[in-house]
Every structure is written in C-alpha cells, then in structure tokens.
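Each number in our numbering corresponds to the 1-based position in the sequence shown with 587 added.
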Amino acid sequence: MATLLYRLGRASLRRRRLVAVAWLVVLVGLGIAAATLKGPTASNFTMPGTESQRAIDLLADRFPAASGATGTIAVKAPQPGGLATAEGQAVVKQVTQEAATLPGVVGAVDPYQVKALSQDGRYALIQVQFAGRADDVTDEQRDAYEKVGAQAEAKGWQIAPGGEVLNAEPEVGSTEALGVLVAAIVLVITFGSLVAAGMTMLNALIGVGVGMAGLFALSGAVELTSTAPILALMLGLAVGIDYSLFITSRHRQNLLDGLSPEEAVGRAVGTAGSAVVFAGATVVIALAGLAVVDIPFLTVMGLAAAGTVTVAVLVAITLAPALLGFAGRRVLPRKLRGREAVESDATGSEDRSGFGFRWANWVTRLRIPVILVGLLGLGLLALPAQDMRLALPDAGTAPEGSAARVSNDLIKEGFGPGFTGRLAVVVTADSPQATQAAVPQVAALIQRTEGVLAVAPPQTDPSGRTALLGVIPKTGPTDAATETLVHDIRDNVGRIGNAEVLLTGVTAIGIDVSEKLSDALPVYLLLVVGLSILLLMLVFRSILVPVKAALGFLLTVAATFGITVAVFQQGHLADLVGLDTPGPLISFLPILLIGILFGLAMDYEVFLVSRMREDFVHGDTARQATINGMGHGARVVTAAALIMISVFGGFVFLDDPVIKSMGFALAVGVAVDAFIVRMTIVPAVMSLLNNAAWWLPRWLNRILPNVDVEGEGLRAHLADREPAKV
C-alpha cells in the first residue's frame, strides 16, 4: 500500500493543476446538486419493531386524523380564577378557534369541554392536532402556530404554544467557527508557516465542502435525521485537518532531510498517507458498523459521517500533495527555506532535547507509578458512568427562553410534570362492538396502575374499530418512574384478549428507543474491540500491542462516559458549557461515541506506535524505540489532538443540548485518549513489556497479510535509488 500511495503522491504533485481543478469541479458540481436536490431532515426517531412504532403505524392506517403531530398551547390567566369569568372564557375560546383555523391544523380541543383546567382556575391546556407528522409541518405553519394568542397576550394573558410540532432542526452558526479559528492558530504554531497552516486548512475545508454537498444532494432520496449533517460536519472538519497535518508534517521533514519536493511529497504520502488511509478506514468501518445495530436513523447517521471521512482521506492523499506542490518550500519556516539552511539541518545531529523525548524518558523511567496513577485517575473519572441514564430529549431540556421550553415550564407550573409527557393507548379490534367492550376494561386497568394521574376519555375513529386514550403520568417524560410506568401499563393491558392494545406517544417512543440502544451497546462495543485487535495485529505484527490498545480504548470510553454523565446528567460544572438543565444523555450518544472514538484512538495509536516498531525492527532496543516513537510523534499528535478538541469543542457553544453533548463528549474523549492513554500510559506499558510487546507466533505471522502501514516495502523499493537532493 505504501508504494502505491508513494506513486499517487508524486503523480498528484506533478499534475497538481489537473488535480486541483478536478476537485474544484467536484465541489461545484455537488454544490449545485445539493442546492437543487436537498430534501428536509427529520427530527423524529422512529424504531421499527417496537410497540410504540407499531401503534403509530396502526394509527396512520386506521385513524389518520390522530396520527399527525400534536401541539399543546398553555394558557395562563392574569390572576387565579380568571378562567371562570366570562371574559376569561371568551379569551380561551378565541385562542382555541384561532388555533383550529391555522394552516395544517385538523382541529383544536376546547379545554372547557375536556376539563383541561387547573384547580385554581388560572391555567388551561388547548390540544392542537396537525394533519402531518412533525417533520411535515412547514416553517410557515410552525411560525403561525408560535404566534397564536397575540391578542390575548396584549390583555395580560400568557399564551405559550408547545408540543412536538416545535421540534426544530439545530442550526450551525458562527460559534463553532471559534473551534476552527483555534485549530488554525494551532497549525500556525505547529508549522511556523502561514502558508503551511493555510494550505492544510484549505485542504480540509474543500474536503468538508465536498462531503457535505454530497450528503445534502442525497438528502432528497434518503431521510436524514437533523443531527446527521452536524455530526458529518463535526467529523469531516476534525479528521480533514488532522489527516492533512500528518502528511504535511512528514513532507516538511523530508524537505529538511534534503529531498526534492516531488520525492518528499511521494514519501510523505507513502508513509504518513498509509497511516491516514488506515486510520480513516477504521473510522469508516466503525461508523458503517452502526448498521449492525439495525436502527435506521443511527445507520443513516453513521453512513453520513463515514462518507465525509472517506472524502477527507481521498482529499488528503490527492489534493494535499497537489497543494504542497503549489506551495513549494514556503511550507517551511522562513529561516529554513534556503538551500544552506536545509543542507545544514539535514547533516546536523538529531535534536533530542525536545519535549517529546524528555516526556518519553520520564514516562519510561517511572513506568510503574505512571501506569498506576493513570489507571486510578481514569477509574475515578469513570465512576459517574455507572449512573448513566439514556433518553430522547424533551422540551424540559430545551434552551431557556425557547418557545418549547416556555410552554413546558408553564405546563409543569400549572398542572405538574406528567402533563408534559402524555402517553397514548391505542385499542383496536375487528369490530366496533369488540373495541367498545375493550375500552372500559383498558381504562380501568390503566387507572389502577401506580403512577397514573388520569386517563382521558377515548377518541374513536369513524369506523369505530380503533380508539385512542390519553394517559397522564404523575412524573415527567425522562423520569425513571415514568419508564417503570410504561412497562407496568403494558403488562397490565396485555391481559385483554378480545382486542389489541398498544402504548405509544413521544414519551413511550423515547423509552423504547433508549432500551433498544442500551441492549445493542454491549454487542457493538464487543464488535469494535474485536475489530481493533484484529486490525492492529495486521499493522504491528504483535499480539500484546493490539490488546494493550484495545484496553486503552476501553479506558478512554469509560472515562469519557463518566465525565459526560457528571456534567450533562448530574449537572456538575454545567454552567461552564452553557447547559441550562441537566438530564439523561441522548439515547444514541454512547454507541455513536464508541464508534467515533474507536477510529480516532486507532489514529493516534498507529501514528505513535508505528514509529516505535520501525525503530525496533531496525535494531533499537524496545525502550529506545519507545522513546524515539514518542519523541518524533509527540509534537504532531499533540497538535492533531488540540485541533480535534478545538473543532469538537466549538459545537459545545450551540444551544441545542444534543449537539452540545456530542461536541463535549468527543472533545473530552480525544483529550483523554491522546494525552492520558496514548501519550502517557501507552509508552509506559510498552517500556514495561519490553521485547515481549513485539512477539507474534510464527504460524500467525505467516497467515496474516502484510498491509505495510509503516512503509517497509517502500523503503525496500527505494533502497537502490539515490534520492534527489535539493
């Protein structure tokens, strides 16, 4: 592979104008396609096969009027008892009529008819039924819904429209650009050259542009969740900058070693490019592997992110060499661009006074204490993870001041938390008589279930065969007691033999999604760990190195989960990340985090340990090879990690709590893996294992294919050639 990439790198530099034009054509073409073919994103999380989803599908078939999105308008009178006055009744009826005539609305329920009034006569709830799903509601319809009750508010009433219909697509604004700015500063400091930093950033941005344009061009044919493009952007930026950084760093070193620009870029792509291809492949495999969980929206998210990572790899091994050809020696610091400076640097002795070498010597000398302190520290950070709870986000965790949050808080203030997470029970039978007979039995069983506050009167479809009952729990939608209640209701109504009874609603859907994801998490984690051991065994021709890498990955995941739970669920230091209300983690965050961190962890593992193996194979002792690998790789890995942390951290400034938690968890995961696991625990363990780290049974060595990530085959290919000097 290294030899093939060496030739590709040289060819890309020689034909740099053609390569640059080709990528620009692709970017413009996909941009036009995205503008013309872009489809809407989905904010709902469907889960085929679950009871809640079967109920939704059944309603869509038999009771379409009740299968659309719902809204709840909270009304608060200026003073207690205001709803009982003639003026108050007129205001509420006017708001109800206004809501019923909105575009896209099937009807609105008068709270006086269904007694949706608080005991103090100050609060009322108006239920609004839309014709389509929440994703089918247009921005114009949503805006009109949010403006309901303007006349009542002018009279001192508080009108707060809310409900699932307000689920909006998270927007990417200027705040995450701060992360890109920090990444650019890190590049300038690392390279000491504005040209090298700017070229690396340009390369990454073109790759992100191509990946995102392609993703949006496909969105007209494939339903994307609203978080999928954000995740793709987040990953595409981070890996795009890092992959270009690796290749540019190696190219600069080759120039300083006295190679011509063409030879330097060829060897950079052949060596560092091999590590980039391997690292990118692991990220892609891990993300695409989300498909084995068999959850459609998660599969789409994984494939979308995998697509942008694939583009980032292709751009790094083709466009980066072309841009390096345009930049010439300007990728070097100004003082090293001249021939004399290069020759002096190439003939000088290696500088081992840098931080990487000093750190490696210290870590290997104190390896036992370092390992113990590292394991103890990560273990303590992981402790909160044992209390981790998963749920889909609800309006209670929406940003303060948002329409959804204001409505949610007003409902809880007037009626209690259970009214914000209503459940829906679908009763259906082959005949109207059977349904009519089953409904009272179901209502009685549900009413006797502990944790139920009230059961609303049934609504029946025109045929009389399907009925819908509203159930109000005593606790909120993400409360553990509500999860218990959902299971208790299902157990109780399962005894009804003459009709099919299904429990659904936004709260029930969230519980079903969370449980299925929790069940899939151990299977996926086992798959990823097994894959990491196999892939690293191919790369390093060793058994203990892959096992050590996999255990390090598990430490990273555990510590990241623990820190994220402590901040986003338990609320510690929540103000520092701008979190208004702590709550359960988004259901798909753990499994998504495992897939992404796996690829990034293998990225740093390969970059550091491949140099260790290279020096060990060429005669260094195991300890000295470990020091060399750290000494040569620490600066680049530090820069790469800081860039990823900056890019991911930039998304923490978004208001959306889901994107905020994803950005935070990824930034923390990269920091833990790069600085604690890969650059501290790994060299200490490698030093402790000594020669045993590189042991591989002969029979296994014969079976395993040689992927040549370190470029040994390339060195053999170049051994007979005299490199072209500057």
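A virtual CB, placed ideally from N, CA and C, is assigned to each residue, including glycine.
Specify the secondary structure class of residue i as computed by DSSP and reduced to three states.
| i | result |
| --- | --- |
| Phe884 | helix |
| Leu977 | strand |
| Tyr699 | coil |
| Ala607 | helix |
| Gly658 | strand |
| Pro1120 | With the sequence shown as reference, residue 1120 is identified as Ile, and Pro is not the correct amino acid for it. Three-state DSSP puts Ile1120 in a helix. |
| Val1313 | Note that Val1313 scores a pLDDT of 44, beneath 50, so its modelled location is shaky and nothing firm can be said. |
| Lys922 | helix |
| Ala1041 | strand |
| Gly665 | Sequence check: residue 665 is Pro here, not Gly. Pro665 falls in the coil class under three-state DSSP. |
| Gln1211 | helix |
| Ala711 | strand |
| Pro1060 | strand |
| Leu646 | helix |
| Ile1083 | coil |
| Leu1283 | coil |
| Leu1291 | coil |
| Leu1172 | strand |
| Leu953 | coil |
| Arg597 | helix |
| Arg602 | coil |
| Thr1071 | helix |
| Asp1321 | The structure shown does not extend to residue 1321, since the chain spans only 588 to 1313, so no value can be given for it. |
| Lys1103 | helix |
| Met1249 | helix |
| Gly636 | coil |
| Lys680 | helix |
Quick one: using the 10 Å Cβ neighbour count with 16 as the cut-off for buried, is residue i buried or exposed?
| i | result |
| --- | --- |
| Gly1005 | buried |
| Ala1067 | exposed |
| Val1080 | buried |
| Asp829 | buried |
| Val1144 | buried |
| Gly935 | The pLDDT assigned to Gly935 is 46, lower than 50, so where the model puts this residue is not dependable; a value taken from the coordinates is nonetheless given after this. When all chains shown are included, Gly935 counts as exposed. |
| Thr869 | buried |
| Leu1121 | exposed |
| Gln1156 | buried |
| Phe942 | exposed |
| Gln640 | buried |
| Thr1062 | buried |
| Gln973 | exposed |
| Gly1206 | exposed |
| Lys663 | buried |
| Val898 | buried |
| Pro667 | exposed |
| Ala1228 | buried |
| Asn1085 | exposed |
| Lys1247 | buried |
| Leu963 | exposed |
Residue i and residue j look like a contact to me (Cβ under 8 Å); what is the Cβ gap, rounded to whole Å?
| i | j | result |
| --- | --- | --- |
| Phe1140 | Val1116 | 7 Å |
| Arg1265 | Glu1192 | 6 Å |
| Gly1216 | Val1234 | Not really, about 26 Å apart at Cβ, beyond 8 Å. |
| Ala815 | Ala891 | 4 Å |
| Val957 | Ala1271 | 4 Å |
| Ile1268 | Thr951 | The pair is not a contact, with the Cβ atoms about 12 Å apart (cut-off 8 Å). |
| Leu1055 | Pro1045 | 6 Å |
| Leu832 | Ala1226 | 6 Å |
What residues are listed by DSSP as bridge partners for residue i?
| i | result |
| --- | --- |
| Val578 | Residue 578 is absent from the structure shown; the chain starts at 588 and stops at 1313. |
| Val1014 | Ala1054, Val1088 |
| Thr895 | Answer is none; Thr895 lacks a bridge partner. |
| Ile746 | Val662 |
| Thr1047 | Ala1054 |
| Leu811 | Thr628 |
| Leu591 | Answer by DSSP bridge pairing: none, since Leu591 is not bridged. |
| Leu704 | Ala711 |
May I have a chain-ordered list of the alpha helix (DSSP H) segments no shorter than 4 residues that lie completely inside the stretch 959-1009? 990-1002
Could you give the uninterrupted runs of the alpha helix (DSSP H) lying entirely in the stretch 1124-1169, keeping only those of 4 residues or more? 1131-1151
Every unbroken beta strand (DSSP E) within the stretch 1184-1247, with a cutoff of 3 residues, ordered by chain: none
Which runs of the alpha helix (DSSP H) at least 4 residues long sit entirely within the stretch 764-851? Give them in chain order. 764-778, 781-805, 815-843
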